[in-house]
Amino acid sequence: MKRCRFHTSLPTYISLLRIPVLRVRLPLMVEKPQAPVIPSKKNCIHPRNIHFSIYKNQNIIERFFARLKQFRDIATRYDKLKSTFLAAVQLVATVIGIN
């Protein structure tokens, strides 16, 4: 499994840890020395060096999870079985991908 080099969005990562299927897989994908992707303020004396292409891609990921949470059964975790919930997430992700 390929490891991440950049930490794009901590709140998204924390919300994904609440999903039982992904709780096991996600910690394996992240290794500790990570480059920050959030830019510093404009009036900062010593600005951080960041990759703006990665920062722009972060918006796409965050919008996808925002759309995913708009579906009621996904947001409330209505399904009791892991396999049913995973199938619902995959179905909704497919619908979002088509649109």
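Numbering (UniProt numbering), first residue to last: 1 to 99.
Ideal placement from N, C-alpha and C gives every residue a C-beta, glycine not left out.
Bear in mind that the values here come from a model prediction, so they are computed numbers and not experimental data.
Secondary structure within the UniProt domain "Transposase DDE" (42 to 96): the alpha helix (DSSP H) runs of 4 or more consecutive residues, fully enclosed, are 52 to 68 and 72 to 75 (chain order). In summary, Ile-60 is exposed, with fewer than 16 beta-carbon neighbours lying within 10 Å of its beta-carbon over all protein chains present. A contact between stretches requires three or more CB pairs, one per stretch, nearer than 8 Å, and the region 85 to 95 meets this requirement with the region 66 to 77. Under the three-state reduction of DSSP output, Ile-38 falls in the coil class, being neither helix nor strand.
Straight through space, the alpha carbons of Gln-58 and Lys-41 are spaced by roughly 18 Å.
Between the C-alpha atoms of Ala-88 and Thr-76 there is a straight-line separation of about 12 Å.
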